[in-house]
Structure formats: C-alpha cells, structure tokens
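Just below is one structure, and these are the notes that go with it.
Numbering (the UniProt record's numbering), first residue to last: 1 to 138.
Dropping the structure here:
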C-alpha cells in the first residue's frame with residue numbers, strides 16, 4: 001500500500017492528504033455510527049501529524065460524546081472524520097479516499113449493536129464492543 005493517500009467529501013469543499021501507513025479498515029456497527037451514516041462506519045486512521053486538511057472551514061464538528069467528535073462537510077453532508085478528544089490521531093472514512101486506496105478490512109466492532117437488516121459474513125474478526133487496541137466511548 002502506498003504511503004500517500006488523498007481524498008475528499010462529495011462536493012470537494014473538503015480535501016485531505018495523508019502520509020504514512022494507514023490502519024486496516026475497522027467497521028463500526030454502534031448505534032451512533034449507524035444513525036449518522038445510515039449504515040455502519042468503515043474507517044482507517046492516521047496520526048494528526050500525517051494529515052493535511054484543506055477546506056477545514058467547511059467542516060462541521062458534532063460532539064457526539066465527551067469522548068469524540070464527528071466531522072462532516074457542511075456543504076454536502078459527507079461524513080469524513082471521527083476524532084477522539086485525547087488522542088493524537090484522526091479516523092478517516094474509508095469511502096472518502098480517492099482510488100486506489102489499497103485498504104483492507106481489519107475487523108468489526110460493536111457487532112452487538114448492529115442493525116438487524118444485514119449479516120456480517122466476510123470472515124473478519126467480530127467484537128461485541130471493541131478491541132483493547134481501539135479506544136472507543138463506553
């Protein structure tokens with residue numbers, strides 16, 4: 001996988017560039033992710049120091065909990081980021097990257113909260129809540 005990636009929201013008002021390796025895609029099925037996106041989140045992450053965001057004035061941040069906030073484009077509504085308050089990384093929605101991404105699925109979290117209208121059958125590890133390596137709000 002390339003060490004450089006770029007992407008944007010649907011309308012292009014927000015663009016970003018990353019450098020360095022990206023984490024495998026984590027699929028989050030919690031009720032907050034489902035309600036915001038209409039399905040489940042598919043996100044990787046990058047160190048704060050390794051992302052450049054252009055058009056940050058077009059990002060609206062919603063503080064969904066005291067643990068993290070969610071960033072989306074205020075022009076087109078694209079869900080872009082999930083940012084924990086006390087960590088030095090930002091999660092970036094996998095679908096917002098330009099292709100080819102080289103990204104691969106890693107695991108599913110909060111499967112105990114998943115919607116009842118789909119099944120998970122891709123063979124990736126599934127966790128009732130999260131894994132010790134992925135800090136999340138409780």
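Backbone N, C-alpha and C define an ideal beta-carbon position, used for all residues, glycine too.
This one's a predicted model, so the numbers in the text were calculated from it and none came from an experiment.
Tell me which same chain residues have a C-beta within less than 6 Å of the C-beta of residue i, skipping the five on either side of it?
i	result
residue 96	7, 80
Thinking residue i and residue j are a contact (beta carbons under 8 Å), I'd like their distance in whole angstroms, please.
i	j	result
residue 31	residue 113	5 Å
Which same chain residues end up closer than 8 Å to residue i when comparing Cβ atoms and leaving out the 5 residues on each side of it in sequence?
i	result
residue 60	71, 72, 73, 74
residue 123	none
residue 146	It is not possible to answer for residue 146, since the shown part of the chain is limited to 1 through 138.
residue 24	44, 103, 104, 105, 106, 107
Go ahead and pull the three-state DSSP assignment for residue i.
i	result
residue 19	strand
residue 1	Any answer about residue 1 is weak, because its pLDDT of 47 lies below 50 and its placement is not dependable; what the coordinates show is given next. Note: residue 1 maps to coil in three-state DSSP.
Let me check understanding here. Comparing Cα to Cα, which of the options lies closest to residue i?
i	options	result
residue 11	34, 35, 91, 76	76
residue 86	16, 39, 66	66
Only counting the same chain, and skipping five residues up and downstream in sequence, which positions put a Cβ closer than 7 Å to that of residue i?
i	result
residue 36	70, 79
For a minimum of 3 consecutive residues, which ranges assigned as the beta strand (DSSP E) are wholly contained in the UniProt domain "CENP-V/GFA" (5-128)?
15-19, 25-28, 41-47, 51-54, 59-62, 68-73, 79-84, 89-93, 105-109
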